[in-house]
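Asks:
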Amino acid sequence: MSALNERMREVIAAATHESDRYKTLESLTGINRTTWSNFMKGKQYASYEMIEAICRLWEQWTLYIVIGKGERPDIDPDRDTYAEVLPQDGGVVLKRDRKGRAVANIPHLLNCRAPYDPANFEWGYRGVGPYELSANILYLFGMPEQAAQKHAQAFCDEVVSSLPHQEAFISVERIKEWIEGRHVLAS
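Remember, my numbering sits 2 above the position in the sequence shown when you count from 1.
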């Protein structure tokens, strides 16, 4: 189990800012920040709940975390950590890693695909990947899960599908304006 714990620590270190790591993990997982701190400092092993929470947040690294195969958290050649992709205003940053795979600075909390389809984000066209990214953005910005999925296609059509394919940014202001302009936060 110690190898799994080390890989999980590696993913967490790559995916979060050191300055607010435990607060971020607590807000994303519901697991107390002291528990995360103790885990990251090697004072305790990861619980099943912690492993599941991290694998749900960053599904692209699940295989790596659990069995050590697959891709390591190699985010961006210009940055040291995943969290450094975050802009000052907290908007959504979309990039391609060295292998051309989509990387976003938001957690993957909603899976809108069939169970056998790989869950991943995409942008720059209309399709399942951009729809899933849209649903996750709306959910992260306060929409209930069902409302996020209901309005994801419109957000995808109006915002996500027109983004440049290689690299893009969606400001917090643009996301909030879209949500407020349609009065859809609670619907």
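The beta carbon of each residue, even a glycine, is placed where N, CA and C say it ideally should be.
Could you give the distance in angstroms between the alpha-carbon of A55 and the alpha-carbon of A15?
Replies: 15 Å
Asks: Should S29 go down as buried or exposed, given a rule of 16 or more other Cβ atoms within 10 Å for buried?
Replies: exposed
Asks: Please name the residue or residues paired with K197 in a DSSP beta bridge.
Replies: This structure cannot speak to residue 197, because the chain is shown only from 3 to 189.
Asks: Report the option in R176, M52 and L65 whose CA atom is closest to the CA atom of L160.
Replies: It should be pointed out that residue 160 corresponds to Glu in this sequence rather than to Leu. Here the closest residue by C-alpha is R176.
Asks: Short of 6 Å in beta carbon distance, which residues of its chain neighbour I172, apart from the five on each side in sequence? Order them along the chain.
Replies: G93 and V94
Asks: Find out if the Cβ-Cβ distance for the pair M10, I67 is shorter than 7 Å.
Replies: yes
Asks: Where do the N-terminal and C-terminal ends of the alpha helix (DSSP H) with A154 fall, by residue?
Replies: From DSSP, the alpha helix (DSSP H) with A154 extends over E147 to E160.
Asks: Can you check which of these residues, R184, E20, E134 and E179, is closest to M42 by C-alpha distance?
Replies: Taking only the C-alpha atoms, the option nearest M42 is E20.
Asks: Can you give me the Cβ contacts of L112 inside the same chain, cut-off strictly under 8 Å, excluding the 5 residues immediately before and after it?
Replies: E134, A137, N138, Y141, E147, A150 and Q151
Asks: Taking buried to mean at least 16 other C-beta atoms within 10 Å of its own C-beta, is G44 buried or exposed?
Replies: exposed
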